[in-house]
Every structure is written in C-alpha cells, then in structure tokens.
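Going left to right, the sequence shown walks through residues 371 to 527 as this note's numbering numbers them. Notes follow the structure.
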Amino acid sequence: MPVKKILDMMHYTLESGHIRRSERREVDEQTIDSLDPFIPRSPGLKGMTIKHTGWSVDLLQSTAALKKFRLLHKSRPVATAWLCEERSAWPDIWSDAGVSAPHCPNGLWRPWLVVSMVSMLSWIQSSSMFEMASVSGEAGDFERCVAWTLLRRGELA
371 MPVKKILDMM
381 HYTLESGHIR
391 RSERREVDEQ
401 TIDSLDPFIP
411 RSPGLKGMTI
421 KHTGWSVDLL
431 QSTAALKKFR
441 LLHKSRPVAT
451 AWLCEERSAW
461 PDIWSDAGVS
471 APHCPNGLWR
481 PWLVVSMVSM
491 LSWIQSSSMF
501 EMASVSGEAG
511 DFERCVAWTL
521 LRRGELA
C-alpha cells in the first residue's frame with residue numbers, strides 16, 4: 371500500500387509560543403535536493419557546512435517516529451528541533467525539551483516541528499546585532515527546509 375503524502379506540518383516555537391501551519395509547497399524540490407547531502411543520515415554525525423551560508427545541521431536522534439536535529443551557524447548552535455512524524459512520539463518531544471506538553475490535537479494527524487531557539491545573548495560578544503537578526507530570521511525558514519527534507523527521506527513528503 372502506498373504511503374500517503376504529507377501536505378502540511380505544524381511548526382511550533384517553544385520560546386514564543388508561535389505556531390503556524392507549513393505547507394509542503396513552501397519548500398520546492400530543488401531546495402530539498404540541494405539540502406539533502408548536507409544533512410547527516412545517522413545520529414551523531416556532524417553535517418557539512420552549506421557553502422556560502424554558514425549553516426550546518428547535526429542529526430542528534432533518528433527513529434521512524436521522531437527526528438531531533440540541531441541547527442548551527444558558523445559552528446554556533448542556533449536551535450534544536452524535534453520533528454514528530456507519528457503521534458506515538460508526541461510525549462517524547464516534551465520530556466526531552468523539558469517543558470509541559472500542550473494538548474495533542476485530535477482529528478487529522480500531521481507532523482509537528484517543535485523548535486527551541488538558543489538564546490542569542492550568547493552571540494553578543496562575537497556578532498553584530500545585524501548578524502544576530504539575520505541568523506534569527508533565517509532560522510525559521512531553514513528549520514522548515516530541513517524538516518521537509520527529512521520527511522521526504524521517509525517518503526512522506
């Protein structure tokens with residue numbers, strides 16, 4: 371039986387409580403094809419830096435139900451993200467993140483991308499305010515691109 375393709379996922383940022391629905395069409399195939407070689411295939415491996423961007427991805431955990439990854443910019447952590455692909459992994463995100471879980475939505479299940487941003491205060495000594503704002507702004511888009519790439523690897527997207 372063919373796997374049903376995922377058309378959207380929920381993207382939730384822990385610190386702000388911001389939640390949005392991310393549609394699959396937001397990230398084109400060329401972006402995913404370009405990004406895929408830079409994301410490790412096994413946990414514990416460091417990702418290569420994407421040329422001219424400073425961004426890299428470390429895959430920290432990978433199961434069929436849950437992927438955990440860290441985004442880095444110029445080797446400095448920016449965010450940790452959990453991609454929950456199955457409802458069974460919902461409680462695992464929250465215990466790992468150390469926060470109380472919101473109510474798991476009923477109805478049609480879709481993947482959830484839950485993100486915890488690193489405090490940008492740690493960047494102050496080595497970065498300009500402009501760089502901090504730029505990296506912070508890029509992070510949300512990059513998180514979704516990585517998540518959709520991981521979903522496509524599992525042939526869900």
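For every residue, glycine included, the Cβ atom is placed at its ideal position computed from N, Cα and C.
Next on the checklist: Considering only their Cβ atoms, is the gap separating E396 from S486 smaller than 8 angstroms?
Outcome noted: In this structure, the beta-carbon distance from S486 to E396 does not fall below 8 angstroms.
Next on the checklist: So for S426, helix, strand or coil by DSSP?
Outcome noted: strand
Checklist entry - Mind checking E399: buried by the 16 CB within 10 Å criterion, or exposed? => result exposed
Checklist entry - Is A459 near V488, with beta carbons less than 8 angstroms apart? => result no
Next on the checklist: Please list the terminal residues of the continuous beta strand (DSSP E) segment that includes A378.
Outcome noted: Ala is not the amino acid found at residue 378; the sequence shown has Asp there. Counting along the chain, the beta strand (DSSP E) containing D378 begins and ends at 378-383.
Checklist entry - Rounded to whole angstroms, how far is the Cβ of S426 from the Cβ of L442, which I believe are closer than 8 angstroms? => result 5 angstroms
Checklist entry - Thinking C-beta only, is C454 closer than 8 angstroms to P481? => result yes
Checklist entry - Ends of the alpha helix (DSSP H) at A467? => result Here the alpha helix (DSSP H) through A467 covers 460-467.
Checklist entry - Does the Cβ-Cβ distance between L520 and K437 come in under 8 angstroms? => result yes
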